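J.: Following this message is one structure expressed as structure tokens.
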Amino acid sequence: MAVTGGAIPGAGLVFDPAPFDPGRAEGDGVADTGRSLRTALLLGWRVESNWTDPLLFLIYVVAKPIASLLLLVMMIEIIGAGGTGQSDETVRTYVVLGSALWATLVAGISGPAWTVLEDRERYRMLKYLYVSPATFLVLLVGRGAARLGAGAIGTVVALVFSVIVLGLRVDVTAIEWPLLVVSLVLGLVPILAIGVLLAAVCLQTRQESWSYPEAFAGAMFLVTGVVFPLGVLPAPLQWLGLVNPVTWWIEGVRQAVLPGSPSGIGGAASVWTAVTGTPAPDGATIVLALFVTGALATLAATVIFRRSEHRARDLGLLDRTTGS
Amino acid sequence: MAAARPANPVFATTRGGSDPRTASDWSQREVLASNGRALIGRAYPRIRGMAREPSWVFFEILLPFLTTSAFVLVYRALQAPEAYVGFVVLGGAMAAFWLNVVWMMASQLYWEKSQGNLELYFAAPMNLMSILLGMALGGLVMSSTRAAAILVVSTLVYNVTFNVEQWGLVVVVFALTLTALYGLGMILASVFLLWGREAFHMTQLVIEPVYFVSGLNFPVGRLGALGAIAIATIPFAVGLDAMRQLVFAGQPYITGTPSPEVEALILAAMTVVFGLLARWMIRRIERMARSRGSLSIRWQ
Chain Z
107 MAVTGGAIPG AGLVFDPAPF DPGRAEGDGV ADTGRSLRTA LLLGWRVESN
157 WTDPLLFLIY VVAKPIASLL LLVMMIEIIG AGGTGQSDET VRTYVVLGSA
207 LWATLVAGIS GPAWTVLEDR ERYRMLKYLY VSPATFLVLL VGRGAARLGA
257 GAIGTVVALV FSVIVLGLRV DVTAIEWPLL VVSLVLGLVP ILAIGVLLAA
307 VCLQTRQESW SYPEAFAGAM FLVTGVVFPL GVLPAPLQWL GLVNPVTWWI
357 EGVRQAVLPG SPSGIGGAAS VWTAVTGTPA PDGATIVLAL FVTGALATLA
407 ATVIFRRSEH RARDLGLLDR TTGS
Chain P
95 MAAARPANPV FATTRGGSDP RTASDWSQRE VLASNGRALI GRAYPRIRGM
145 AREPSWVFFE ILLPFLTTSA FVLVYRALQA PEAYVGFVVL GGAMAAFWLN
195 VVWMMASQLY WEKSQGNLEL YFAAPMNLMS ILLGMALGGL VMSSTRAAAI
245 LVVSTLVYNV TFNVEQWGLV VVVFALTLTA LYGLGMILAS VFLLWGREAF
295 HMTQLVIEPV YFVSGLNFPV GRLGALGAIA IATIPFAVGL DAMRQLVFAG
345 QPYITGTPSP EVEALILAAM TVVFGLLARW MIRRIERMAR SRGSLSIRWQ
């Protein structure tokens, strides 16, 4: 039934006599979500890039991943890869690719978490975003995707730097493009999901949580086979790596870009080889495992975020500011 | 003749004067007491906050320990000499101080501006240096806890063996490293405040690159000229190298850098220079804030 207008007796105020259409509050569904996502993405990109000096932005995007890369390359240069049974070049290539991808991962998981902190503590906009017609989760994903984009630029720059300066050899004709594209696309979803998970944490914590995403990424560095194979780890930690979509994402991209390179999942002393009896997972297995673990991680992140959001609303955390 | 104004009871009872002008003429002891209170007041939330929200134990001790473990395992995978595991563990512990300087010193005044506290600092009857010192003191307690936890846990888990021959010098170098680091943090706080929004990007910019040029996971001497420049300019680099030389005495892998005594002198010089520079910069900032009235405008 349509609600009609009326007047407040004695107050001299008159409602708009036009009937209220409840359909207007329901929005346009998917179209609205798409528009919110686009707007959040654009805003995120502008916060990242347009508000700063372009040169500084470029240095920031380039310097961070290259420094991380050099830190690891230097470790290999000092020690040499003799103890691993592989050549220096093979180990360096393995490490370089993993480290370059890490720039995208760190940016992707930092994005939604930092959006919460920025908009709550610095710009004081979180409560207004929350009550806007756009879905809060969509806004966070959009802002996070923008930061992930900046991180992806860092990955590309780090790879170009590795090819030109560090002599990384990538045979473009040998790249398995379908595996690369599928792994990249499938992997970005759980990365943003982990970012949403950290946003859920940051909704509950204080301003000092800025460093939490990097700390979380640092911990994942241990169990995802980024710079050394999982076989180096104790079995329980290897299992932790195998259920982590980031492990499969990195493995997928690595096997696509450098077919035949050492596996980060299988091999001597690895749980994978012990259980399956195969030296390494093939492309189809990697994609399937990435899809399954990614879907589970995304589902878990969404559930945890909803609970965190509910608690934040309940305790009035959406517009609090903290400091120390 | 104009009648004498009646003494303001507030000034007369609390500040020992009869009017604002007389009341604002503070003795040296009152100035010191006020700045001391500001220092303690600024350090208090950082120290007390550790108990109020224990989630930092997970995110700032356990997770960084895992990061350190990742680098330890890189060396183990490469079958590096065990000494390198010790280098990584010490680097991981000392990194806590650098992260604290970057996140909670350098960026802090900019965040205070965004939160609306900065104008209160400028208006309050105290020296802004006492606010910075309070931030440093509180930050030191926080990061010392984290550094100690990483050091102890990693040492036990990875069986790191220390060989200290000069305990006195270790203490001196450690103290000088912290004073130089936090002195640099005070300078960065002023600089980041001027840079505004770009401060956040600068925060990002000075973490990994500084780790690399300071030799977080390897002896900085291996970087050659780049390492030498780092030792001459970055307290984290020189402090970490000196600490490594002192707590892993006799290790043949630490070469190409000055002796710990010389590095202690470099750190002492950095402490003095950074301290004076920070004092000069914060005065400039304060003057700018008052004359332009723009520094306390948020989100610039």
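From first to last, the protein sequence lines stand for chains Z and P.
The numbering of the first sequence is the numbering used here, which starts it at 107 and goes up by one.
The numbering of the second sequence is the numbering used here, which starts it at 95 and goes up by one.
Virtual Cβ for every residue (Gly too), placed ideally from N, Cα, C.
Fair warning: this is a prediction, and the values are worked out from it, not measured in the lab.
Kindly indicate which residue of Z:G372, Z:W354, Z:A280, Z:V222 has the alpha-carbon position closest to the one of Z:H302.
T.: What sits at residue 302 of chain Z in the sequence shown is Val, not His. Residue Z:V222 is the option with its Cα nearest to Z:V302.
J.: Let's see if you can read the secondary structure: which residues bound the alpha helix (DSSP H) around P:Q260?
T.: Where P:Q260 is concerned, there is no enclosing alpha helix (DSSP H), given that its DSSP letter is neither H nor E.
J.: Which of the three DSSP states is assigned to P:F342 in this structure?
T.: strand
J.: 8 Å is my cut-off, CB to CB: does Z:K170 come that close to chain P?
T.: yes
J.: By a C-beta neighbour count over all protein chains shown, 10 Å radius and 16 as the cutoff for buried, is Z:L348 buried or exposed?
T.: Label assigned to Z:L348: buried.
J.: Taking Z:A187 as the query, report the chain P residues whose CB atoms sit under 8 Å from its CB, ordered along the chain.
T.: L172
J.: Have a look at P:A177 and Z:A325 and give me their C-alpha separation to the nearest angstrom.
T.: 23 Å
J.: So, are the CB atoms of P:V258 and P:L340 less than 8 Å apart?
T.: yes
J.: From which residue to which residue does the alpha helix (DSSP H) around Z:T81 run?
T.: Outside the modelled stretch of chain Z, which goes from 107 to 430, sits residue 81 of chain Z, for which no answer is possible.
J.: List the residues of chain Z that P:S163 touches, going by C-beta distances under 7 Å, in chain order.
T.: L328
J.: Could you give the distance in angstroms between the alpha-carbon of Z:D420 and the alpha-carbon of P:P219?
T.: 39 Å
J.: Less than 8 Å between CB atoms is the rule here; does P:N311 satisfy it with respect to chain Z?
T.: yes
J.: So if I threshold CB-CB distances at 8 Å, which residues from the region 182-200 of chain P count as touching chain Z?
T.: So the list reads L193, W197, M198, given in the order they occur along the chain.
J.: Can you grab the Cα-Cα spacing for the pair P:M236 / P:M198, in whole Å?
T.: 10 Å
J.: In chain Z, which residues lie with their C-beta within 9 Å of the C-beta of P:L160?
T.: A321, G324, A325, M326, F327, L328, V329
J.: For Z:T384, go through chain P and note every residue whose CB falls closer than 8 Å to its CB, in chain order.
T.: Those within 8 Å of Z:T384 in chain P number zero; the least Cβ separation is about 22 Å.
J.: Can you check which of these residues, P:F153, P:V366, P:R142, is closest to P:L272 by C-alpha distance?
T.: P:V366
J.: Considering only residues of the same chain and omitting the five flanking positions on each side of Z:T353, which have a CB-CB separation below 6 Å?
T.: T330, G331, G347
J.: Under 8 Å Cβ-Cβ, which residues of chain P neighbour Z:I165?
T.: Near Z:I165 (Cβ distances below 8 Å), the residues of chain P are L299.
J.: Buried or exposed: P:A383, going by 16 or more other Cβ atoms within 10 Å of its Cβ?
T.: P:A383 sits buried, since 16 or more C-beta atoms from the chains shown fall within 10 Å of its C-beta.
J.: Which chain Z residues are close to P:V179, counting only those with a beta carbon under 8 Å from its beta carbon?
T.: Result: empty, since nearest Cβ-Cβ is about 12 Å, beyond 8 Å.
J.: Could you tell me which chain P residues have their CB closer than 8 Å to the CB of Z:S317, listed as they occur along the chain?
T.: F153, E154, L193, W197
J.: Could you check where the alpha helix (DSSP H) with Z:E314 kicks off and where it finishes?
T.: Run containing Z:E314: none; DSSP gives neither H nor E here.
J.: Does chain Z have any CB closer than 8 Å to the CB of P:E357?
T.: no
J.: Within 10 angstroms of the Cβ of P:W374, are there 16 or more other Cβ atoms? Answer buried if so, exposed if not.
T.: exposed
J.: Between which two residues does the alpha helix (DSSP H) carrying Z:Y229 extend?
T.: Neither: Z:Y229 is in no alpha helix (DSSP H) and is coded neither H nor E.
J.: Short of 8 Å in beta carbon distance, which residues of its chain neighbour P:L263, apart from the five on each side in sequence? Order them along the chain.
T.: L340, P354, E355, A358.
J.: Between the Cα of Z:L203 and those of Z:S193, Z:V179, Z:G188, spot the shortest distance and give me the residue it belongs to.
T.: When only C-alpha atoms are compared, the closest one is Z:V179.
J.: Using only CA atoms, which one of P:E206, P:F256, P:V196 lies nearest to P:L234?
T.: Cα-wise, what sits closest to P:L234 is P:V196.
J.: Taking the straight line between their C-alpha atoms, what separation do you get for P:W289 and Z:V153?
T.: Near 15 Å, if we compare the C-alpha coordinates of Z:V153 and P:W289.
J.: In this structure, does DSSP put P:A283 in helix, strand or coil?
T.: helix
J.: Go ahead and pull the three-state DSSP assignment for Z:L423.
T.: coil
J.: When you compare the CB of Z:I356 with every CB in chain P, is at least one pair closer than 8 Å?
T.: no
J.: Given this structure, state the Cα-to-Cα distance separating Z:L211 from P:N129, to the nearest angstrom.
T.: 44 Å
J.: Can you find a C-beta in chain Z that's less than 8 Å from the C-beta of P:S121?
T.: no
J.: Would you mind working out which of P:I141, P:L212, P:D335 sits nearest P:M188, comparing C-alpha positions?
T.: P:D335
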